[in-house]
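The sequence shown: position 294 = 1605 (this note's numbering), numbered continuously.
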Amino acid sequence: MQQVVNAPASSSEAENKITIGSYIKANMREYGLLLALIVVMVSFQIMTDGILMKPLNITNLVLQNSYIVIMAIGMLLVIVAGHIDLSVGSVVGFIGALAAVLMVSYEVPVFIAVIICLLAGVAIGAVQGYWVAYHRIPAFIVTLAGMLVFRGLTLALLQGQSIGPFPTTFQRLSSGFIPDLTGMEGTHGLTLLLGAVISLYLVYANFRSRMAQQKIASAEEPLSVFILQNGLILFAINYFTLLMAGYRGLPNVLIVMAVLIAAYSFFTSRTTMGRRIYAIGGNEKAARLSGVNTQKLTFLAFANMGFLAALAGLVFAARLNSASPKAGVAFELDVIAAVFIGGASMSGGVGTVVGAVIGAFLMGVMNNGMSIMSVGIDYQQVIKGLVLLAAVIFDVYNKKKAG
1312 MQQVVNAPAS SSEAENKITI GSYIKANMRE YGLLLALIVV MVSFQIMTDG ILMKPLNITN
1372 LVLQNSYIVI MAIGMLLVIV AGHIDLSVGS VVGFIGALAA VLMVSYEVPV FIAVIICLLA
1432 GVAIGAVQGY WVAYHRIPAF IVTLAGMLVF RGLTLALLQG QSIGPFPTTF QRLSSGFIPD
1492 LTGMEGTHGL TLLLGAVISL YLVYANFRSR MAQQKIASAE EPLSVFILQN GLILFAINYF
1552 TLLMAGYRGL PNVLIVMAVL IAAYSFFTSR TTMGRRIYAI GGNEKAARLS GVNTQKLTFL
1612 AFANMGFLAA LAGLVFAARL NSASPKAGVA FELDVIAAVF IGGASMSGGV GTVVGAVIGA
1672 FLMGVMNNGM SIMSVGIDYQ QVIKGLVLLA AVIFDVYNKK KAG
């Protein structure tokens, strides 16, 4: 009798192990990216004698990569839809120049100037999206033209020289920190509190989602993987906020990034419009025959990219405290690399917001770590190029294996 009871249990355990293995294998793109980020951070932490993970350096890492993260979110939607935008770097420079002319030269109030700049970004993206979506001109050509046009307009606005400084209120967008309302000495108490609340909420939301899936028998994730994931979420968020609390707390721009990541993650995974953008990248003809307005969604993807490029331009200008003729040069390369390293497919239809953000920070950690180690810019470019190539090869290999 005892043997009869034990036999199914053993079989169930074996089946569970197979399920865990197959689940991880099926999601190797996401898990591999996260593992790569952890390995890179641990490696540079060792090679820099602990400098990488110091509170001040982590804060600088966030500030230095904020504009790349913001643009990577927008670029993800463009690439998922099967296109690309080469103009984002020039748009960053142009919007920074426009902000400087408005705020410094003409003393336009900060709030009004910011609104004008964001609307200008939307207009730029909309114009480019119009030619791509409704006239089917390749995005590569349209945005390459945009890159040249807005680089020239940046030089024209600035007349070859930097303009600054910006008003203090505007500078706080990139250099300000949330105030500590707890009164704790030696650490930023509000940052610790926010970290605990956010991490617990995410775990609770994941638990609720899993319970809902189990009710309709659609939960695919093994329990052990679910527990491990949520344990890592608790640890990672609270450890990160502990480090940030050791300096000045959470930067204002980090709050902006967190809101964008949450909003666009929800949009891409939980809304009909978001899923339709993926359908366009997967098979545009099939999506059109299914009733999806492919032209409208492509147009909106580029308009959204213009908006986020404008926001990134404001963040970058606020960080530099001036508008420079060279601002935004080659930014598009870092943004596109971050999205592809983050798991997006060259042919469209594949990619996540979180993946793009991790890809951006992976590039940022590499840049920061190599700078601390005094690696020359020549070798930095070589290494980043090899990492991008490896990510694309991995994507092609996965497709061939799946096909």
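We put the CB at the ideal spot given by N, CA and C, even for glycine.
Item                                                                                                                                                                                  : Value
Any contact of the segment 1430-1439 with the segment 1671-1686, i.e. 3+ C-beta pairs under 8 Å?                                                                                      : no
Going by the CB atoms, is the gap between GLY1662 and VAL1646 shorter than 8 Å?                                                                                                       : no
Using the rule of at least 16 other Cβ atoms within 10 Å of the residue's Cβ for burial, across every protein chain shown, is SER1485 buried or exposed?                              : buried
Using 8 Å as the threshold, is the segment 1498-1512 in touch with the segment 1578-1585, meaning 3 or more CB pairs across them?                                                     : no
Kindly give me the distance between the Cβ atoms of LEU1409 and PRO1562, rounded to whole angstroms, as I take these residues to be in contact under 8 Å.                             : Actually they are not in contact, since the Cβ atoms of LEU1409 and PRO1562 sit about 24 Å apart, beyond 8 Å.
So the candidates are GLY1457, VAL1351, SER1354; which of them puts its Cα closest to the Cα of GLY1617?                                                                              : GLY1457
Who are the near neighbours of ARG1599 in its chain, counting only those whose CB is closer than 7 Å to its CB and skipping five residues on each side?                               : THR1605
So what does ALA1621 bridge to, in DSSP terms?                                                                                                                                        : Partner(s): none; ALA1621 has no beta bridge.
From LEU1553 to GLY1560, what does the alpha carbon distance come to, in whole angstroms?                                                                                             : 9 Å
Is DSSP giving PRO1366 helix, strand or coil here?                                                                                                                                    : helix
In whole angstroms, what separates the C-alpha of GLN1482 from that of LEU1631?                                                                                                       : 9 Å
What is the residue span of the alpha helix (DSSP H) that THR1579 lies within?                                                                                                        : 1563-1581
For MET1352 and TYR1515, what's the separation of their Cα atoms in angstroms?                                                                                                        : 28 Å
What residue range is occupied by the uninterrupted alpha helix (DSSP H) comprising ARG1559?                                                                                          : Looking at the DSSP string, ARG1559 is not in any alpha helix (DSSP H), and its letter there is neither H nor E.
How about GLY1404: is its C-beta nearer than 8 Å to some C-beta of chain B?                                                                                                           : Among the chains in the structure shown there is no chain B, since it carries only a single protein chain.
Quick check on DSSP: helix, strand or coil for PHE1477?                                                                                                                               : coil
Less than 8 Å separating the beta-carbons of VAL1403 and GLY1624?                                                                                                                     : yes
On a Cα-Cα basis, can you pick out the residue from ILE1357, LYS1596, GLY1687 that is closest to GLY1660?                                                                             : LYS1596
Kindly give me the distance between the Cβ atoms of SER1544 and LEU1513, rounded to whole angstroms, as I take these residues to be in contact under 8 Å.                             : The displayed chain sequence assigns Ile, not Ser, to residue 1544. Correct: roughly 6 Å between the Cβ atoms.
At which residues does the alpha helix (DSSP H) containing MET1458 begin and terminate?                                                                                               : 1450-1469
For the 8 Å Cβ check, are there 3 or more pairs between the segment 1628-1644 and the segment 1360-1369?                                                                              : no
Do ALA1467 and HIS1394 have their C-beta atoms within less than 8 Å of each other?                                                                                                    : no
Alpha helix (DSSP H) containing LYS1786: first to last residue?                                                                                                                       : This structure gives no information on residue 1786, because the portion of the chain shown stretches from 1312 to 1714.
From THR1479 to ASN1371, what does the alpha carbon distance come to, in whole angstroms?                                                                                             : 19 Å
Could you name the residues of the same chain whose beta carbon sits closer than 6 Å to that of MET1555, not counting the 5 residues immediately before and after it, in chain order? : THR1502, LEU1561
Is the distance from the Cβ of ASN1615 to the Cβ of GLY1385 below 8 Å?                                                                                                                : yes
Put ALA1628 into one of helix, strand or coil per three-state DSSP.                                                                                                                   : helix
Do you know offhand how far LEU1455's Cα is from ARG1447's?                                                                                                                           : 15 Å
What are the boundary residues of the alpha helix (DSSP H) that includes ARG1599?                                                                                                     : 1595-1600
Quick check on ALA1638: does DSSP put it in helix, strand or coil?                                                                                                                    : coil
Pick helix, strand or coil for VAL1698, following the three-state DSSP scheme.                                                                                                        : helix
Would you call the CB atoms of TYR1550 and LEU1367 closer than 8 Å?                                                                                                                   : no
What does PHE1488 pair with, by DSSP beta-bridge criteria?                                                                                                                            : PRO1562
Can you tell me whether MET1677 is helix, strand or coil according to DSSP?                                                                                                           : helix
Give the straight-line distance between the Cα atoms of GLN1273 and MET1684, rounded to the nearest whole angstrom.                                                                   : Only positions 1312 to 1714 of the chain appear in the structure, and residue 1273 is not among them; the question remains open.
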